[in-house]
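Participant:
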Amino acid sequence: MLISTLSIWSNSRNVNEYLLFPENFIDIMEHMSKEKPMSILQIKDLIHQYITYGEKEEETQTINAVNGVDMSVEKGEFIAILGHNGSGKSSLAKHINGLLQPTSGSVCLKGMDTRDHEKLLKIRQSAGIVFQNPDNQIVGSVVEEDVAFGPENIGVPTKDIWSRVAGALEGVGMTAYRSASPNHLSGGQKQRIAIAGIMAMEPECIILDEPTAMLDPKGRQDVLSLSRELNKEKEITIILITHDMEEVLLADKVFVMDQGKVVMSGTPKEVFAHVKELKGYGLEVPFATELAYELKKEGIRLSDAITTREELVEELCQLV
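What the sequence shown shows, in the working numbering, is residues 109 to 428, in sequence order.
If you want it as structure tokens, here you go:
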């Protein structure tokens, strides 16, 4: 990046001037700091259609499951895609690593177009997807064999597979269960194994498609904590598909979908400031946000940015 930045300056000044005088590096570093962060995912005008058939062959209907979506995700971000059932969020998720192909528009992961079939293996190595039911992803009779399945199928050399398996199981806190049968694990533990199977392929992005929908509260908390840990400590880009408002609060940025379109985006606080609009899309908001909204309707002066109970209590105490 430094070389590319120097080339910009060389159009008008001698590069040696910057190399000879260290104080001139301040100019260079300021320029570099203004450069846009690297995008790992670029989606442009994405449309995905499917056809439904009636009782008679001629009774068909074309549905736009994804309808003109534009989206950019930066490397290392934690993104939440929020929407009610049928909003198109899961269809969008399946486009990110090429499980679905665009009817029109484009999806590029690390600059690789998902329509390029020669790139699909690399795309799926870079972006793994975890679905809501871990039983649909677990194929091995022993935990470590199941985690090894992914890297084996993408051609990782045998000598490297087991070190990856060990690292992935340690990363999700399941090393003690490496010789266990997945059938004897809880729902939360199974989901951890599914995530470990993705981690063993060393992706830069993990897509979680409603991963807590079938879990009990403890399993749900375990998976969410692990997701945040992978994002913060390993800098893995996380794309969380959900309709749960509390899960959305973990994200750096939120995209709200309705009828196949992105209808709202921003930080969680920016999005949850629009309670009335979210309700219009069939969505709820966090409990504290809902209560603050109702109190404001009664004339109590509260901010629009309340998302947690602690924030609500603090503002109410200031009014006393």
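Each residue gets a CB set at the ideal place from its N, CA and C atoms; glycine is no exception.
#1: Could you check whether the segment 197–212 touches the segment 372–383, counting it as contact only if at least three pairs of C-beta atoms, one from each stretch, sit closer than 8 Å?
#2: Going by the DSSP bridge assignment, what does N175 pair with across the sheet?
#3: Leaving out the 5 sequence neighbours to the left and right, which residues in its chain are closer than 7 Å to T350 when beta-carbon positions are compared?
#4: Can you give the Cα-Cα distance for Y161 and V280, rounded to whole angstroms?
#5: Among the residues of its own chain, which have a CB less than 8 Å from the CB of G295, if the five just before and after it don't count?
#6: Rounded to a whole number of angstroms, what is the C-alpha to C-alpha distance between V247 and Q297?
#7: Whole angstroms is fine: what's the gap from T266's alpha carbon to A288's?
#8: So, using beta-carbon positions, are G213 and K152 closer together than 8 Å?
#9: Measuring alpha carbon to alpha carbon, tell me which residue in T345, Q299, E312 and N193 is nearest K320.
#10: Do the segment 219–233 and the segment 396–412 make contact, defined as three or more Cβ pairs closer than 8 Å?
#11: For the segment 243–270, which segments carrying the beta strand (DSSP E) assignment without a break, of at least 3 residues, lie completely within its bounds, in sequence order?
#12: Compute the Euclidean distance between the alpha carbons of Y158 and T168, then round it to the nearest angstrom.
#13: Does L427 pass the burial test, meaning 16 or more other C-beta atoms within 10 Å, or should it be called exposed?
#14: Given a threshold of 16 other Cβ atoms within 10 Å of its Cβ, counted over all protein chains shown, does G390 qualify as buried or as exposed?
#15: Taking the beta strand (DSSP E) that I414 falls in, what are its first and last residues?
#16: Here's a check: name, in chain order, each residue in its chain whose Cβ is nearer than 6 Å to the Cβ of L358, leaving out the five neighbours to either side.
#17: Taking the alpha carbon of E310 as the reference point, which residue from G176, K230, S180 and A173 has its own alpha carbon closest?
#18: Roughly how far, in whole angstroms, is the beta-carbon of V238 from the beta-carbon of I306, given that I think they are within contact range, below 8 Å?
#19: Looking only at its own chain, which residues have a Cβ that is under 7 Å from the Cβ of V273, when we skip the five neighbours before and after it?
#20: Buried or exposed: E418, going by 16 or more other Cβ atoms within 10 Å of its Cβ?
#21: Would N195 and H156 qualify as a contact pair, given that the criterion is a beta-carbon distance under 8 Å?
#22: Under 8 Å between C-beta atoms, does V255 make it to chain B?
#23: Could you give the DSSP three-state label for L410: helix, strand or coil?
#24: Counting C-beta neighbours from all protein chains within 10 Å, is the total for Q245 16 or more, i.e. buried, or is it exposed?
#25: Near D352, which residues of its chain fall below 6 Å by C-beta distance, leaving aside the five closest residues on each side in sequence?
#26: In terms of residues, what are the limits of the alpha helix (DSSP H) holding V331?
#27: Cβ atoms of L154 and V215: under 8 Å apart, would you say?
#28: Please classify N175 as buried or exposed, where buried requires at least 16 neighbouring CB atoms within 10 angstroms.
#29: Could you round the C-beta distance between L338 and I347 to whole angstroms and report it? I think they count as a contact, below 8 Å.
Facilitator: Checking against the coordinates, here is how it stands:
#1: Pairwise C-beta distances place the segment 197–212 out of contact with the segment 372–383, as fewer than three of them are shorter than 8 Å.
#2: Position 67 of the sequence shown, counted from the first residue, corresponds to residue 175. Note: N175 sits in a beta bridge opposite I155.
#3: Counted from its first residue, the sequence shown places residue 350 at position 242. Excluding residues within five positions, the ones whose Cβ falls inside 7 Å are A188, L190, E318 and V356.
#4: Working through the sequence shown from its first residue, we reach residue 161 at position 53. Working through the sequence shown from its first residue, we reach residue 280 at position 172. So the two alpha carbons sit approximately 44 Å from each other.
#5: For the purposes of this step, residue 295 is identified with residue 187 of the sequence shown, where counting begins at 1. Counting only Cβ-Cβ distances below 8 Å, and skipping sequence neighbours, we find P242, M322, L323, D324 and G327.
#6: As a position in the sequence shown, residue 247 is number 139, starting the count at 1. As a position in the sequence shown, residue 297 is number 189, starting the count at 1. Rounded to the nearest whole angstrom, the C-alpha separation of V247 and Q297 is 15 Å.
#7: Mapped onto the sequence shown, residue 266 falls at position 158. Mapped onto the sequence shown, residue 288 falls at position 180. Rounded to the nearest angstrom, the two C-alpha atoms are 21 Å apart.
#8: Within the sequence shown, residue 213 is the residue found at index 105, counting from 1. Within the sequence shown, residue 152 is the residue found at index 44, counting from 1. Yes.
#9: Taking the first residue of the sequence shown as position 1, residue 320 is located at position 212. Residue 320 is actually Thr in this sequence, not Lys. Ranking the options by Cα distance to T320, first place goes to Q299.
#10: Here the segment 219–233 does not lie against the segment 396–412, with fewer than 3 beta-carbon pairs under 8 Å apart.
#11: Qualifying beta strand (DSSP E) stretches: none in this window.
#12: Locating residue 158 in the sequence shown gives position 50, where the first residue counts as 1. Locating residue 168 in the sequence shown gives position 60, where the first residue counts as 1. When the Cα atoms are used, Y158 and T168 turn out to be separated by approximately 10 Å.
#13: Within the sequence shown, residue 427 is the residue found at index 319, counting from 1. By the neighbour-count criterion, in which a residue is buried when 16 or more other Cβ atoms sit within 10 angstroms of its Cβ, L427 is exposed.
#14: In the sequence shown, counting from the first residue as 1, residue 390 sits at position 282. Under this definition G390 is an exposed residue.
#15: Here residue 414 refers to the residue found at position 306 of the sequence shown. Looking at the DSSP string, I414 is not in any beta strand (DSSP E), and its letter there is neither H nor E.
#16: For this step, residue 358 is matched to residue 250 along the sequence shown. Counting only Cβ-Cβ distances below 6 Å, and skipping sequence neighbours, we find R336.
#17: Counted from its first residue, the sequence shown places residue 310 at position 202. The shortest C-alpha separation from E310 is found at K230.
#18: Within the sequence shown, residue 238 is the residue found at index 130, counting from 1. Within the sequence shown, residue 306 is the residue found at index 198, counting from 1. At roughly 6 Å, the Cβ-Cβ gap stays under 8 Å, so V238 and I306 are in contact.
#19: Indexing the sequence shown from 1 puts residue 273 at position 165. These residues qualify, in order along the chain: E252, V255, A256 and A308.
#20: As a position in the sequence shown, residue 418 is number 310, starting the count at 1. Looking at its Cβ environment, which holds fewer than 16 other Cβ atoms inside 10 Å, E418 is exposed.
#21: As a position in the sequence shown, residue 195 is number 87, starting the count at 1. As a position in the sequence shown, residue 156 is number 48, starting the count at 1. Here residue 195 turns out to be Ser, not Asn, going by the sequence shown. Against a cut-off of 8 Å, the Cβ pair of H156 and S195 comes out as no contact.
#22: Considering every chain present, this structure includes no chain B. It has just one protein chain.
#23: Within the sequence shown, numbered from 1, the residue matching residue 410 stands at position 302. Correct three-state label for L410: coil.
#24: Residue mapping note: residue 245 aligns to position 137 of the sequence shown, counting from 1. Flag for Q245 reads buried.
#25: If you number the sequence shown from 1, residue 352 lands on position 244. If you ignore the 5 residues before and after D352, its C-beta comes within less than 6 Å of no other C-beta in its own chain.
#26: In the sequence shown, counting from the first residue as 1, residue 331 sits at position 223. In the DSSP assignment, V331 falls within the unbroken alpha helix (DSSP H) covering P325 to K342.
#27: On the sequence shown, residue 215 is found 107 positions in, with the first residue counted as 1. On the sequence shown, residue 154 is found 46 positions in, with the first residue counted as 1. With contacts defined as CB atoms closer than 8 Å, V215 and L154 qualify as a contacting pair.
#28: Counted from its first residue, the sequence shown places residue 175 at position 67. Classified as buried, N175 has 16 or more neighbouring CB atoms from the shown chains inside 10 Å of its CB.
#29: In the sequence shown, the residue the question calls residue 338 occupies position 230. In the sequence shown, the residue the question calls residue 347 occupies position 239. I347 and L338 do not touch by the CB rule: their CB atoms are close to 12 Å apart, not below 8 Å.
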